[in-house]
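Residue numbers (this note's numbering): 31 to 212.
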Amino acid sequence: MTRLLCLCPLLLALVLAPAWTAPAAEAPPPTTAPTVAQDAPPAEPAAPAAAATETPTYRSVEERRLLESLAEGEHSSLPRQRQDLENRQMEINRLEAEVDKKLDLLGQLRQQIEQLLRQKDEAEQRRAAELAKMYEKMSDEKAAAVLASLDQELAIAILGRMKTKSAARILNSMERDKAAKL
């Protein structure tokens, strides 16, 4: 890109060089030509082909060589730049595909984790229900002693699954502080 910016003034000089070096053409003196009838078709403008076929004039041979070598260098670097751009695009596409694969894998892992957590919760619920039945059959004092030593969340889950009368009797057998927490 910086090469192009450096070439712009030189290319501008190349285009404008003929105007700088050529002497200004003087306009021909007005002649008294007969007037054209008003119903005659208008004359067509001069074709710009003459300006396009004009070859630029250079101030020196060195200037011509320099401008030609710059133009050739620009043309030779374009394919390389295009190839670099294509390579970068291919790398971007490859990385995007890799990211997509990892996102898919992450989604699958998230689903597996959610399923395992559901299974764990179900197992804990079943276990708490089984323990509740077992503690209901125990004496109130023994059940109170065991529940007091358990984790508070587990004890709450067990008491929540017991019949109300059994849970009340067990809580009545516990120390007041522990029973109040549960």
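Glycine included, each C-beta is placed from N, C-alpha and C at the ideal position.
Quantities reported herein were computed from a predicted structural model and do not represent experimental measurements.
By the Cβ criterion, the stretch 202–211 is in contact with the stretch 166–178, since at least three pairs of Cβ atoms, one from each stretch, lie closer than 8 Å.
Close CB contacts of GLY190 within its chain, under the 6 Å cut and outside five residues either way in sequence, are absent.
Taken in chain order, the whole alpha helix (DSSP H) runs of length 4 or more contained in the stretch 111–170 number zero.
In the DSSP assignment, THR194 falls within the alpha helix (DSSP H) that extends over 194–203. Straight across, the Cα-Cα distance linking GLN141 with ILE122 is about 29 Å. By the CB criterion at 8 Å, LEU184 and TYR165 fall outside the cutoff. Under the three-state reduction of DSSP, SER107 is assigned to helix. Boundaries of the alpha helix (DSSP H) around LEU189: 182–191. By alpha-carbon distance to ALA158, the top candidate from SER107, ASP181, GLU93 is ASP181. Only buried fits LEU161, as 16 or more other CB atoms lie within 10 angstroms of its CB. Between ILE186 and LEU147, the C-beta gap is not smaller than 8 Å, which leaves the two residues out of contact.
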